[in-house]
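Participant:
Residue numbers (this note's numbering): 13 to 409.
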């Protein structure tokens, strides 16, 4: 008698999302290292984050259409491979701004594949006929949690190695390369969910996403999307800079701590989103954005008093907002989509979420004319307006 358990199909594909997310975020807590050891300016270090966002765009918008035509698995394999190349460039090009910029661009491209193609794939693998036991929110919760854990562990391990490990400019990237190579055999065993077909129309027509004009997308999902990674960017890219003079040689370790705490809090609250939606009658996004507004108020206080303890409290609050908003947004996306347009609209959604990741670059540029406290205050006012828009949209649509 054979007692060997069959691995659920979604667990064969999930490790690919995990390593692509790891490769996208292991750079973030190392920004101080690039400024201190590589002598890059603060603006240049933030631009490396910007190149990452630029790489995300084709990964989010083009990869989804390609996967609708050629299948989820080939695009996911390509995403893992691109992530490996990105880590090679980042690990070997410490003193080359061009190499680092290209590496960050490719890392963004890889994460874009994970978010658009991988999220759609795990959603499909979390429903019949691949999984008949999954609950209604599993298709949103599983990819969001997998990506969040990848983001968090990637940053945590990279920061620890850079602070205390050997070869701090290289070892964080070697770990990612090794993990990526290890998950490829498992990925190749995962079932395809989209049959390949021969399309007779031009590829550019596949890029159109009519669902982006849906009333619920425009009035509820779009106004909340930028705050997903806006919360994360403020927590672990801006907060460490505000308190760096109080930390001395522990700057890198503290930046790593904030990254892990932010994403760890997000991972802990994500399984609660279904319950929050039930209790609030489908208003989890309103709850998440309300917590975002509270986090921004705490960030204003941090910018004034420059307290590492307050920065940590801010990161916890913003992490909770991130975790609720990302899953609640995906639940909304999957509510209005069909299998034919799931990858495309997921890519559009994640493209909007990453607008918030440009906040550190914008703030670094504007800091010459306004303090961080003033900029955070303006951002809090914008957040309050978006919160009101989302709350009104949920009630009306």
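In this text, a Cβ means the ideal position worked out from N, Cα and C, and glycines have one as well. Small disclaimer: the values here were computed from a predicted structure and weren't measured.
Assuming contact is defined by CB atoms lying nearer than 9 angstroms, are residue 121 and residue 67 in contact in what I supplied?
Facilitator: In contact: residue 121 and residue 67 (Cβ atoms closer than 9 angstroms).
Participant: Under the rule that 16 or more other beta-carbon atoms within 10 Å means buried, what is residue 51, buried or exposed?
Facilitator: Per the 10 Å Cβ criterion, exposed.
Participant: Which residues in the same chain as residue 292 place their Cβ atom closer than 8 angstroms to its Cβ, once the five residues preceding and following it in sequence are excluded?
Facilitator: Hits under 8 angstroms: 298, 299.
Participant: To the nearest angstrom, how far is the alpha carbon of residue 89 from that of residue 261?
Facilitator: Their Cα atoms are separated by approximately 39 angstroms.
Participant: Let me know if residue 301 comes out buried or exposed under the rule of 16 or more other beta-carbons within 10 Å of its beta-carbon.
Facilitator: With 16 or more Cβ atoms within 10 Å of its Cβ, residue 301 is classed as buried.
Participant: Quick check on the DSSP output: the alpha helix (DSSP H) that includes residue 204 runs from which residue to which?
Facilitator: Premise fails: residue 204 is in no alpha helix (DSSP H) and is neither H nor E.
Participant: Quick one: grab the DSSP three-state call for residue 52.
Facilitator: Coil.
Participant: Run through DSSP, which three-state label would residue 257 get?
Facilitator: Residue state, collapsed to three classes: helix.
Participant: For residue 103, which residues of its own chain have a beta-carbon under 6 angstroms away from its beta-carbon, when the five flanking residues on both sides are left out?
Facilitator: Within the same chain, residue 103 has close Cβ partners 182, 185.
Participant: Under 9 angstroms, do residue 128 and residue 76 count as touching if we go by C-beta distance?
Facilitator: Against a cut-off of 9 angstroms, the Cβ pair of residue 76 and residue 128 comes out as a contact.
Participant: So, is residue 282 buried or exposed, given that buried needs 16 or more other C-beta atoms within 10 angstroms?
Facilitator: Buried, since its Cβ has 16 or more Cβ neighbours within 10 Å.
Participant: Using a Cβ distance threshold of 8 angstroms, determine whether the segment 165-176 contacts the segment 141-157, with at least three qualifying pairs required.
Facilitator: At 8 angstroms Cβ cutoff, the stretches do not touch.
Participant: If you run the structure through DSSP and keep just helix, strand and coil, what is residue 399?
Facilitator: Reduced to three states, the DSSP call for residue 399 is helix.
Participant: Is it true that the segment 306-316 meets the segment 380-399, where meeting means three or more beta-carbon pairs spaced less than 8 angstroms apart?
Facilitator: The answer is yes - the segment 380-399 touches the segment 306-316, with three or more Cβ pairs under 8 angstroms.
Participant: Report the residue from 72, 21, 26 whose alpha carbon sits nearest the alpha carbon of residue 366.
Facilitator: Of 72, 21, 26, the residue nearest in Cα terms is 72.
Participant: What is the residue span of the alpha helix (DSSP H) that residue 277 lies within?
Facilitator: Start and end: 263-281.
Participant: Of all the options 385, 41, 280, which has the alpha carbon lying nearest to the alpha carbon of residue 313?
Facilitator: The residue with the shortest Cα to Cα distance from residue 313 is 385.
Participant: Are there 16 or more other CB atoms within 10 angstroms of the CB of residue 14, so buried, or fewer, so exposed?
Facilitator: Reliability fails at residue 14, whose pLDDT of 43 lies under 50, so the model's placement of it is uncertain and no value is given.
Participant: Does DSSP classify residue 145 as helix, strand or coil?
Facilitator: Of the three classes helix, strand and coil, the one that applies to residue 145 here is coil, per DSSP.
Participant: Should residue 131 and residue 29 be called a contact, given that it needs their Cβ atoms to be closer than 9 angstroms?
Facilitator: Result yes, Cβ atoms of residue 131 and residue 29 sit closer than 9 angstroms.
Participant: Leaving out the 5 sequence neighbours to the left and right, which residues in its chain are closer than 7 angstroms to residue 296 when beta-carbon positions are compared?
Facilitator: Within the same chain, residue 296 has close Cβ partners 285, 288, 289, 336, 340.
Participant: Around the C-beta of residue 377, are 16 or more other C-beta atoms found within 10 angstroms, so that it is buried, or is it exposed?
Facilitator: Classification of residue 377: exposed, given that the 10 Å Cβ count is below 16.
Participant: Express the C-alpha separation of residue 321 and residue 258 in angstroms, rounding to a whole number.
Facilitator: Approximately 11 angstroms between the Cα atoms of the pair.
Participant: Taking residue 99 and residue 188 to be in contact with their CB atoms under 8 angstroms, please state how far apart those CB atoms are, rounded to whole angstroms.
Facilitator: Yes, residue 99 and residue 188 are in contact; Cβ-Cβ is about 5 angstroms, under 8 angstroms.
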